[in-house]
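Undergrad: Here's a structure for you.
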């Protein structure tokens with residue numbers, strides 16, 4: 084009888100231990116729910132913090148900047164899933180910042196609040212559909228205009244470049260957009276190139292006969308900007324609207340948060356929108 088009572092007492096304790104949800108467990112679930120194989124070489128790794136920490140809440144974001152981390156703490160989230168690097172370069176290499184006050188104070192904030200940060204970049208793009216493009220297409224309402232499965236090419240009712248730029252600015256809640264091309268230019272064919280794929284890929288897309296206007300993230304001004312300006316000066320029916328890196332992909336991380344809610348049931352999952360990372364005057 085004593086043995087039975089002891090067993091009954093221990094069962095709830097064992098169950099309680101099994102209910103602990105950790106960042107590592109969530110990442111394991113993410114690996115099971117993407118449609119692609121998990122790459123051996125990837126930037127999608129834990130960047131800082133203990134993966135075996137018990138999760139209070141999950142914050143999903145585009146950039147894990149200080150304002151976003153502070154908001155995550157206010158929302159009682161200690162596991163942050165970010166799309167882009169946290170420490171100022173693609174691989175989050177920090178040797179050059181060892182004595183930098185901005186890096187050290189940011190790192191101290193993360194450690195003081197026992198935050199865990201995981202980057203989710205490669206595999207959200209590699210899964211089908213690409214989660215970043217899927218989120219952006221939903222946000223922009225372009226589903227009916229798609230002409231390819233990749234979500235990069237669209238055929239729209241005829242628009243004027245200036246009107247389209249203002250439409251995008253309003254849809255994404257932006258202070259400003261950058262436009263290269265004739266504001267009065269009429270078009271129907273649009274290409275979407277989110278994030279920062281590089282000047283060569285952007286120029287290749289803009290040169291396609293299926294693209295008159297490219298909606299892009301960010302670029303070097305001596306690459307895509309120069310090419311697009313030359314194209315416009317030469318009378319080509321080509322234009323580019325630059326949204327910036329954050330706004331060209333951010334809806335994809337909102338999509339990611341909703342995706343996570345489909346299989347992460349024991350803790351709250353929040354999407355945190357980045358504030359604009361610059362001002363205009």
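Residue numbers (the numbering used here): 84 to 364. All residues carry an ideal CB built from backbone N, CA and C; glycine is no exception. Bear in mind the structure is a predicted one, so any value in this text is a computation, not a measurement.
Should residue 153 be listed as close to the ligand ATP, given that the test is whether its C-beta is under 7 Å from any heavy atom?
TA: With respect to small molecules bound, the structure shown includes none, and the ligand ATP cannot be examined in it.
Undergrad: Can you pull the DSSP bridge partners for residue 274?
TA: Walking along the chain shown from the start, residue 274 turns up at place 191. Partner(s): 236 and 297.
Undergrad: Anyone know if the C-beta pair for residue 271 and residue 239 falls short of 8 Å?
TA: Residue 271 sits at position 188 when you count from the first residue of the chain shown. Residue 239 sits at position 156 when you count from the first residue of the chain shown. Yes, they are a contact pair.
Undergrad: Whole-angstrom Cβ separation of residue 277 and residue 215, contact assumed at under 8 Å?
TA: Reading the chain shown from its first residue, position 194 is the one you call residue 277. Reading the chain shown from its first residue, position 132 is the one you call residue 215. Right, the Cβ-Cβ distance comes to about 6 Å (below 8 Å), so this counts as a contact.
Undergrad: Per DSSP, what kind of secondary structure is residue 179 in: helix, strand or coil?
TA: For this step, residue 179 is matched to residue 96 along the chain shown. Residue 179: helix per DSSP, three-state reduction.
Undergrad: Taking residue 139 as the reference, which of 157, 125, 189 and 294 has the closest Cα?
TA: For this step, residue 139 is matched to residue 56 along the chain shown. Of 157, 125, 189 and 294, the residue nearest in Cα terms is 157.
Undergrad: Could you check the C-alpha separation between residue 281 and residue 308 for me, to the nearest Å?
TA: If you number the chain shown from 1, residue 281 lands on position 198. If you number the chain shown from 1, residue 308 lands on position 225. Roughly 12 Å separates the two Cα atoms.
Undergrad: So, for residue 262: in the same chain, excluding its five sequence neighbours on each side, which residues have a beta-carbon less than 6 Å away from its beta-carbon?
TA: Within the chain shown, residue 262 is the residue found at index 179, counting from 1. Same-chain partners within the cutoff: 248 and 324.
Undergrad: Tell me which same chain residues have a C-beta within less than 7 Å of the C-beta of residue 352, skipping the five on either side of it?
TA: To locate residue 352, count along the chain shown from 1; it is residue 269. The residues are 141, 143, 340, 343 and 344.
Undergrad: Roughly how many angstroms lie between the CA atoms of residue 170 and residue 198, to the nearest whole one?
TA: For the purposes of this step, residue 170 is taken as residue 87 along the chain shown, with counting starting at 1. For the purposes of this step, residue 198 is taken as residue 115 along the chain shown, with counting starting at 1. Answer to the nearest angstrom: the Cα atoms are 15 Å apart.
Undergrad: How is the alpha helix (DSSP H) around residue 279 delimited, first residue to last?
TA: In the chain shown, the residue the question calls residue 279 occupies position 196. Neither: residue 279 is in no alpha helix (DSSP H) and is coded neither H nor E.
Undergrad: Which word fits residue 113, buried or exposed, when buried means at least 16 other C-beta atoms lie within 10 angstroms of its C-beta?
TA: As a working note, residue 113 is residue 30 in the chain shown. With 16 or more other Cβ atoms within 10 Å, it is buried.
Undergrad: Which word fits residue 188, buried or exposed, when buried means at least 16 other C-beta atoms lie within 10 angstroms of its C-beta?
TA: In the chain shown, counting from the first residue as 1, residue 188 sits at position 105. Exposed: under 16 other Cβ atoms inside 10 Å.
Undergrad: Short of 7 Å in beta carbon distance, which residues of its chain neighbour residue 304, apart from the five on each side in sequence? Order them along the chain.
TA: Here residue 304 refers to the residue found at position 221 of the chain shown. Same-chain partners within the cutoff: there are none.
Undergrad: Using DSSP with H/G/I as helix, E/B as strand and the rest coil, what is residue 119?
TA: Counting from 1 along the chain shown, the entry for residue 119 is found at position 36. DSSP places residue 119 in coil when its eight states are reduced to three.
Undergrad: Would you say residue 317 lies against chain C (beta-carbon separation less than 8 Å)?
TA: As a matter of chain content, chain C is missing from the structure shown, which is built from one protein chain.
Undergrad: Let me know the secondary structure DSSP gives residue 157 once reduced to three states.
TA: Here the question's residue 157 lines up with position 74 in the chain shown. Helix at residue 157.
Undergrad: For the 8 Å Cβ check, are there 3 or more pairs between the region 226-244 and the region 150-164?
TA: Contact between the region 226-244 and the region 150-164 is absent, because fewer than three Cβ pairs lie under 8 Å.
Undergrad: Which residue from 287, 221 and 236 puts its Cα closest to that of residue 255?
TA: Here residue 255 refers to the residue found at position 172 when the chain shown is read from its first residue. Comparing Cα-Cα distances from residue 255 to each of 287, 221 and 236, the minimum goes to 221.
Undergrad: Could you tell me how far apart the beta carbons of residue 129 and residue 164 are, in whole angstroms, since I believe they sit closer than 8 Å?
TA: Here residue 129 refers to the residue found at position 46 of the chain shown. Here residue 164 refers to the residue found at position 81 of the chain shown. Not quite, the Cβ-Cβ distance comes to about 10 Å (not below 8 Å), so this is no contact.
Undergrad: Could you check the C-alpha separation between residue 96 and residue 124 for me, to the nearest Å?
TA: As a first step, residue 96 is located in the chain shown; it is residue number 13 there, counting from the start. As a first step, residue 124 is located in the chain shown; it is residue number 41 there, counting from the start. Residue placement at residue 96 cannot be trusted, given a pLDDT of 43 that sits under 50; what the coordinates show is reported in the next sentence. Answer to the nearest angstrom: the Cα atoms are 39 Å apart.
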